[in-house]
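S.K.:
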DNA sequence: GCGACAG
DNA sequence: ATCTTGTCGC
C-alpha cells in the first residue's frame, strides 16, 4: 500500500478546507478497477484513557468473506472532531494501519461518508484519492441531504439529494432496520457501490467488512487497557 | 439569529 | 464516538 499523495496533517481548519477543495477535484466517480478479490473494512475508535485513536483494517476474501489479514495502529488525536473535516482526525492512524498490511485490498469500505459531504469530499474520498484505490463511503447516520420515505424491505433504495444533486443512496440492508447511507469514495460508481454493500450485508445492517473492523478495533482497545 | 452536524 | 434516564412503539 503506497501513498500516492502525501500532505501535512498538522494543519489548521482553514488549511484543511482548502486542501479538501484541491483534492476533491481528483475524485473519480466511475468504475475503474479490475477484478475485486480482496475487500478491506476500516474503523477508528477513541481511547479515552490516553486520548488516543485506535485504527483497524480487516482484509476479507471478496467471495467467501473470510478474514485474510488484519492490522491496527494507535496514534494521538491531532485534530478535533468537526463535521465535514472528519478525515483529518481519523486518517492519520488509519494510514499507519494500512502501512502494515502485506496484502493490498482491491476495494475499501469506509465507516463514514464519501461524496455525500458538504464539499463532496468525505473520509472515503480522501482515503481513496491519497492511495488511489477504489473506496465506498458507508455511513450509519446522515450528514446532509434529503430523501423520500423508503420501503421497509431489504434492498429498498432512494437517492440522497443535496441542492438538486444526487450525492448518494439511502439503502436498506435489512428489512425493518434503519437504512444506511452509501456514497462514492473513489474509482467506483454509486450503483456498483450499492451492489457491493448489499452483497457484503447478507446478515447484518452494516457490511461484514465494517463489522469485522469494528470488532477488531474494540478488542484491541480492551486488550491494551 | 437558530438549528443541524459522518465518528 | 460514549454515557445514561425517561419515553415511546410494538
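In UniProt numbering, the protein residues as written are 1 to 225. We put the CB at the ideal spot given by N, CA and C, even for glycine. Keep in mind that this is a model prediction, so the values were computed, not measured.
#1: Assign residue 169 to one of two classes, buried (16 or more other C-beta atoms within 10 Å of its C-beta) or exposed (fewer than that).
#2: What does a CB cutoff of less than 6 angstroms around residue 113 pick up in its chain, not counting 5 residues either side in sequence?
#3: Please specify which runs of the beta strand (DSSP E), each continuous and at least 3 residues long, are wholly inside the region 127-151, giving them in chain order.
#4: Looking only at its own chain, which residues have a Cβ that is under 8 angstroms from the Cβ of residue 135, when we skip the five neighbours before and after it?
#5: Quick one: what's residue 159 bridged to in DSSP?
#6: Between the C-alpha atoms of residue 162 and residue 28, what's the straight-line distance to the nearest angstrom?
#7: Return helix, strand or coil for residue 226, following the three-state DSSP convention.
#8: For residue 130 versus residue 221, is the C-beta distance shorter than 8 angstroms?
#9: In three-state terms, what does DSSP make of residue 72?
#10: Specify, as a first and last residue, the run of the beta strand (DSSP E) that residue 53 falls within.
#11: Just checking, does the region 80-95 make contact with the region 30-39 on the three C-beta pairs under 8 angstroms criterion?
#12: Please report the Cβ distance between residue 190 and residue 179, rounded to the nearest whole angstrom; I am assuming they are in contact, meaning their Cβ atoms lie under 8 angstroms.
#13: To the nearest whole angstrom, what separates the beta carbons of residue 45 and residue 73, a pair I think is in contact under 8 angstroms?
#14: Please name the residue, chosen from 204, 12, 38, 200, that lies closest to residue 70 on a Cα-to-Cα basis.
#15: Cα-Cα, which of 104, 205, 75 is closest to residue 90?
#16: For residue 175, which residues in the same chain have their Cβ closer than 8 angstroms to its Cβ, ignoring the five residues on either side in sequence?
#17: With DSSP as the reference, label residue 116 as helix, strand or coil.
M.R.: Concretely, from the data shown:
#1: The sequence position of residue 169 within the first chain is 169, counting from 1. By the neighbour-count rule (16 or more Cβ atoms within 10 Å), residue 169 is buried.
#2: The residue labelled residue 113 in the question sits at position 113 within the first chain. 122, 137, 139, 143, 183, listed in sequence order.
#3: 135-139
#4: As a working mapping, residue 135 is identified with position 135 in the first chain. So the list reads 107, 108, 109, 110, 114, 124, 125, 127, 128, 185, 186, 187, 188, once near-sequence residues are dropped.
#5: Here residue 159 refers to the residue found at position 159 when the first chain is read from its first residue. The partner list for residue 159 (beta bridge, DSSP) reads 169.
#6: On the first chain, residue 162 is found 162 positions in, with the first residue counted as 1. On the first chain, residue 28 is found 28 positions in, with the first residue counted as 1. Whole-angstrom Cα-Cα distance: 19 angstroms.
#7: Residue 226 is absent from the structure shown; the chain starts at 1 and stops at 225.
#8: Taking the first chain and counting its residues from 1, one reaches residue 130 at position 130. Taking the first chain and counting its residues from 1, one reaches residue 221 at position 221. Not closer than 8 angstroms, so no.
#9: Position 72 of the first chain holds residue 72. Strand.
#10: Along the first chain, read from residue 1 onward, the residue named residue 53 stands at position 53. Run containing residue 53: 52-61, per the beta strand (DSSP E) assignment.
#11: no
#12: Start at 1 with the first residue of the first chain, and residue 190 comes out as number 190. Start at 1 with the first residue of the first chain, and residue 179 comes out as number 179. So it is not a contact: roughly 15 angstroms between Cβ atoms.
#13: The sequence position of residue 45 within the first chain is 45, counting from 1. The sequence position of residue 73 within the first chain is 73, counting from 1. So it is not a contact: roughly 12 angstroms between Cβ atoms.
#14: Sequence index remark: in the first chain, residue 70 carries index 70 (1-based). That would be 38, whose Cα lies nearest to the Cα of residue 70.
#15: The sequence position of residue 90 within the first chain is 90, counting from 1. That would be 75, whose Cα lies nearest to the Cα of residue 90.
#16: Sequence index remark: in the first chain, residue 175 carries index 175 (1-based). 152, 153, 154.
#17: Start at 1 with the first residue of the first chain, and residue 116 comes out as number 116. Residue 116: coil per DSSP, three-state reduction.
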